[in-house]
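Chains as they are written, first to last, in numbering that gives the first Met the number 0: chain X, 0 to 320; chain Y, 0 to 432; chain B, 0 to 323.
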Amino acid sequence: MNKQYPKDLLADMWFKMNLAREFENRVQWLFSMGLVHGTTHLGVGEEATAVGSILALKPQDYVFGTHRGHSQAIAKGIDIDHMMAEILAKATGVCKGKGGSMHIADPDIHYFGADGVLGTSPVMCCGTALSIKKRKENDRISVVFFGDGSSNEGAVFEALNLAAVWELPILFICVNNTYGMSSHITKVMKDTDISKRAIPFGMPSKSIDGNNVLEVYDTIVKARKHVLEHGPMLIVENTYRISGHSKSDGNLYRSKEEINAWKEKCPIKFIKNYLIENGVFNDKQLKAAAQDANIQVDHAQEYAKNSPEPIMENIYDDVYA
Amino acid sequence: MVEIFMPKAGMDMKEGTLIRWLKEAGEPVEKDEPIMEIETDKITMEAEAPGDGILLSKIVEEGSVVPVLSVLGYIGEEGEEIPEGPSVIMNFETPIQPEAAAKKEVQIENIDKKAVSSNFPATPYAKMLATQSQIDLKDVVHISDNGIIHAADVLATPLAKRIAKSNQVNLTDTTGTGYHGKITKSDVLSLTAADTDTIEIFENPYRTEIARKTLKGVRKIVGKRMYESYSQVPTVMQSMKVDMTDLIEFRRQINEGRENKISLNDFIIKATAIAVKEMPHVRSMIVGEELVTYAEANIGFAVAVEDGLYVPVIKNADLLSIGEISRQARELAGKARNSTITPDEYSGGTFSVTNMGMYDVYTFNPIINQPESGILGITGIGEVLRLADEKVVVRQEAILCMSYDHRVMDGVGSAKLKQRVKELLEHPIQILI
Amino acid sequence: MSEITYSQAINDAISEEMRRDEDVFMMGEDIGLYCGAFGVSKGMLQEFGEERIMDTPIAEQGFVGAAVGAAMAGMRPIVELMFSDFMCVCFDELVNEAAKLRFMFGGKVKVPMVMRTASGAGTGAAAQHSQSLEVCLAHFPGLKVVVPSTPYDAKGLLKTAIRDDNPVMFLEQKTLYRTKGEVPQEDYTIPFGVADIKRSGKDCTIITYGRMVQMSLEAAKRMQEKGIDAEVIDLRTLLPLDTETIIKSVIKTKHVLIVHEAVQFAGFGGEICGQIADSEAFYYLDAPIRRLGARNIPIPFNPKLEAETLPTVDKICASVEGLL
């Protein structure tokens, strides 16, 4: 790659991807210690899709994440202390302990959250896009992440149709991590080129390497411009889920060889090589930044552990406005 | 040194099996390298090393089933000593347990012993009526076609009919005094009883009833007010002796040649009014959550009438002459006795007096005329021997008995009032000023 | 005051609110030029334009989900579901999303949307276009459920619904669209959680809502001639529910019949029974709590069969008489 990227953008990418990775690993460890109630869905290996995409957007853009979206929340700027507290079900959690890992959200920073029912985020995102259009906001778009598994839900097609026919300022990003829960994409769709699904709706689309954070970034920058000027678009970011589906996953449906092969294509490894080979940063600097990320996660962990549980008196809060 | 532990690898995993070790003791291991195979209740999987180092020891044998978080072995530096100690990881926070459900206290409702059993099922309302009227459901003669006792069946029993008739009450046609018209237990009781005691439905052979009358009108209201005052206000009594000798002589002089005599009570009213005007703490009352002080000395004085008690009020008594007070008191008492007194005339008081002088009463605790701060009672006058200048003298003495609301004033406040009244009564010429 | 239809009252409520607040807009199938399947949105496209009266594709999940999203972003959408039965197609959006997002996100969003739909049988539309599904919605905390029975109630309640910051399920009654009633001309709203005693009485309480209110009043009139004085309570909103009025009335009359058009088995009447049985009113009952709903079958097509499936004035009278 010969393109020049601003140095602080690259530093931000490196830091956020490490922060996301470290956060996921830490949640995994906490889960194995029995400290996480319920379950959680980790996205190790998919950091580039989240960080690359969201850094290409603007802070005012609306973003809908996935239930596997801790990295998306981190990229969007969520406070990880409060996100960790939410995963540990504490009152200081970003959802006051009432949502949990699958429903991490912070509408204050325009992150409209993860949703536990697949297929619904695309239609709700059409709604926020509709509000942008009605208010004639000319520098804001609405973005929804969804996976290859949920791309087969009927609602997703309804969303693509509505977006196209109403000409909504919406960007659909399909994070194709190759597996639904345990189903390889070849088992659940005839044509595994998900980007073709935009064709019947007259919508442009593109498939890219989701582990190349720079390609992701470049693509989304262009996509955002397209959406503002011409209307909705679908981007498919191909990647691989290193983590199991959830914490009960024993990886019975895939081979170790496959997992290891993809580990070689790790997005963090990729960007590290790029930064060193192009003389942007040296190994020591990168390690230091990764260590900073580690420390932040340590802090989040301490904060969350020391936070109080929600109190019973507040149990009815926020059912109604 | 790092512990190798049985990880929690599933939402409800409680224990796991160590199937086999993948490394030997003494071998180096890297963090995240698979070192053992474990089995949860669902699947078999590999578990990774939690740190770098040498696999120092394997505590648990292959094939063992252990609880989640049990220590299985140690990784550390060569030669490090393996700690003794608990075989479950203790240096981490214990897993978050869901709150133990608070043990619910089972409350057994006081079983109404008057609730009677019967051979036929009865509706809840029928049971309620039976209990309130102390009717045994076995006595219910008329039963509806479906074999269930309804309210009408209970009310058709001879006993219930008798109760209802004597009280002119239609039990089924009641709206209550409860919240939003709800019928409360006391409403039912108050309808089926002539007073607050439960009715005796079995006549006592030693008591022959000769009169029975419903509480109503003045007596009912007075009774209610008295009850409220007595039960809701922290009332304290305080007495003080007053020497009436000089006042009696003073009065005798004033009344020479007068057609309408000034009574002792008139002097008491005026003296009290002067004292009350001087002391704002007496002219205060509790209104809701606040203590309100009033400007006037409007003195009420108790008048017993045939059917109860009135407390007519002489307004601004401190500003009136004794003659005027006497005139008003006479007029108001007359109206009270022939029931022509108007509400205007017996309301608006800021303090009251009550005079039991004509009945030779030695001491009494008058009930406060709600919502005032207190009431000043005076007993009959008795002759007593006292010492004055080392000589024995005969004096006419009465007792000032004051009941006061301890939320509004304390003992000192009460004493001060009485002291001033006493001072005026014992130096009567001051009353005229 | 003027006498207008139930349908016009709804039209007026939406139009007045749309004039008052530019964040209010409506989406639905065929609500524009076609004026809505029941003609409710007559004249609205002309007044407010395509941007605010939006015809949608046949995609309930799509446009109801979009309404949820628009509401989260601060607008106040109204969605029309042509038939209440279609709520099953977009049930996730209503009960998993709209009802719960505020709670799951710790209070950081609100979903101020209104879902209006045409509910009920009596038009020969058969099993999939005739249901009364209010109990399904009342089961979800986070929603509010409204069932108006008169033009006056419809207008006042719909205005409250549009101004409410929570998702409100507004279940209009198909067969009441043409009925008329007095409606004030000035702006007024009716609060949720307040039942309306449409007829005061002392012998038996009839608790009802929706189309059955008119039927119950008719039955009460007939029973008066036999000397039975029935009280008719129109619940108006099922969630929040006015339990105070219910309990007070049962304590007064000691006999209660619950009437609703929905299937009796597992219908909302069961909840009302439970509320009464678990209250002070239990001790005043002089007869069992009785319910009258539709038979436990899908709504048949044949008109006689359909009428017999639902409650009737005769059945209401017979039920009340059986209690006394």
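Glycine is no exception: its CB is placed at the ideal position from the N, C-alpha and C atoms. Every value quoted in this text rests on a predicted model; they were computed, and no experiment measured them.
(message) Quick check: the segment 108-118 of chain X against the segment 18-35 of chain X, are at least 3 beta-carbon pairs closer than 8 Å?
(response) no
(message) Going by C-alpha to C-alpha distance, which of X/Val215, X/Asn277 and X/Lys264 sits closest to X/Ile53?
(response) X/Val215
(message) Using the three-state DSSP reduction, which class does X/Lys264 fall into: helix, strand or coil?
(response) coil
(message) So with CB distances below 8 Å, who are the chain Y contacts of B/Ala286?
(response) Thr122 and His149
(request) Check B/Phe85 in the structure and name its three-state DSSP category. (result) helix
(request) Figure out for me which residue from Y/Ser320, Y/Ala335, Y/Pro49 and Y/Met408 has the closest Cα to the Cα of Y/Ile432. (result) Y/Ser320
(message) Between which residues of its own chain and X/Val155 is the CB-CB distance below 6 Å, once the five residues before and five after are set aside?
(response) Gly118 and Pro121
(request) Measure from the alpha carbon of B/Val144 to the alpha carbon of each residue in B/Lys154, B/Met168, B/Gly155 and B/Ile275, then state which is nearest. (result) B/Met168
(message) With a threshold of 8 Å between beta-carbons, can X/Met180 be considered close to chain Y, or not?
(response) no
(request) Please name the residue or residues paired with Y/Ile3 in a DSSP beta bridge. (result) Y/Gly72
(request) Look at the alpha carbon of X/Ser182 and the alpha carbon of X/Glu256, and state the distance between them as a whole number of angstroms. (result) 17 Å
(message) Closer than 7 Å between beta carbons: that is the criterion. Which residues of the segment 144-163 of chain X meet it against chain B?
(response) Gly153, Ala154, Glu157, Ala158, Asn160 and Leu161
(request) Over the uninterrupted beta strand (DSSP E) stretch that includes B/Lys179, give me the two end residues. (result) Lys179 to Val182
(message) 8 Å is my cut-off, CB to CB: does B/Lys364 come that close to chain Y?
(response) This structure leaves residue 364 of chain B out entirely; chain B is present only between 0 and 323.
(request) Return the residues of the segment 61-84 of chain X that lie within a Cβ-Cβ distance of less than 9 Å from chain B, sorted by chain order. (result) Tyr61 and Phe63
(request) Over the uninterrupted beta strand (DSSP E) stretch that includes Y/Val392, give me the two end residues. (result) Lys390 to Asp404
(message) Along the chain, where does the alpha helix (DSSP H) containing X/Ser130 start, and where does it finish?
(response) Thr119 to Arg134
(message) Checking 8 Å against the spacing of the C-beta atoms, do B/Lys154 and B/Ala286 come in under that value?
(response) no
(request) Kindly indicate the opening and closing residues of the beta strand (DSSP E) around B/Ile245. (result) Note, B/Ile245: premise wrong, no beta strand (DSSP E); alpha helix (DSSP H) at Thr242 to Thr252.
(request) List the whole-angstrom C-beta distance separating B/Arg177 from B/Tyr208, where the pair is believed to meet the contact cut-off of C-beta under 8 Å. (result) In fact, because the Cβ distance is near 19 Å, the residues do not count as touching under 8 Å.
(request) Please say whether B/Ile77 and B/Met0 have beta carbons closer to each other than 8 Å? (result) no
(request) Sort out for me which residues DSSP pairs B/Cys135 with in a bridge. (result) None, per the DSSP bridge assignment.
(request) Quick one: grab the DSSP three-state call for B/Gln172. (result) strand
(request) Just the chain B side, please: which residues come within less than 8 Å of Y/Ala125 by C-beta, in chain order? (result) Asp285
(request) Compare the Cα-Cα distances from B/Phe139 to each of B/Ile189, B/Asp152 and B/Phe267 and report the closest residue. (result) B/Phe267
(message) Here's a check: name, in chain order, each residue in its chain whose Cβ is nearer than 6 Å to the Cβ of Y/Asn297, leaving out the five neighbours to either side.
(response) Val312, Lys314, Gly347, Gly348 and Thr349
(message) What would DSSP say about Y/Trp20, mapped onto helix, strand or coil?
(response) strand
(message) Against Y/Met35, what residues of chain X qualify as contacts under a CB-to-CB distance less than 7 Å, listed in chain order?
(response) Chain X residues near Y/Met35: none, gap ~13 Å exceeds 7 Å.
(request) Leaving aside the five residues before and after Y/Ala487 along the sequence, list all residues of the same chain whose C-beta is less than 6 Å from its C-beta, in chain order. (result) No answer is possible for residue 487 of chain Y: it lies beyond the span of chain Y, which begins at 0 and ends at 432.
(request) For the beta strand (DSSP E) holding Y/Ser351, just list the boundary residues, first then last. (result) Phe350 to Asn354
(request) Following the continuous alpha helix (DSSP H) through X/Met16, name the residue where it begins and the one where it ends. (result) Lys6 to Ser31
(message) Suppose the cutoff is 8 Å on Cβ atoms and the five residues either side in sequence are ignored; what does the same chain contact list for X/Gln300 look like?
(response) Arg25, Leu29 and Met83
(message) Any contact between the segment 285-292 of chain X and the segment 65-83 of chain B? By contact I mean 3 or more CB pairs, one from each, below 8 Å.
(response) no
(message) Could you compute how far the alpha carbon of X/Met12 sits from the alpha carbon of X/Gly76?
(response) 12 Å
(message) Less than 6 Å between C-beta atoms, sequence neighbours within five positions excluded: which residues of the same chain meet that for Y/Pro27?
(response) Ile53
(message) Would Y/Met236 and Y/Asn364 qualify as a contact pair, given that the criterion is a beta-carbon distance under 8 Å?
(response) yes
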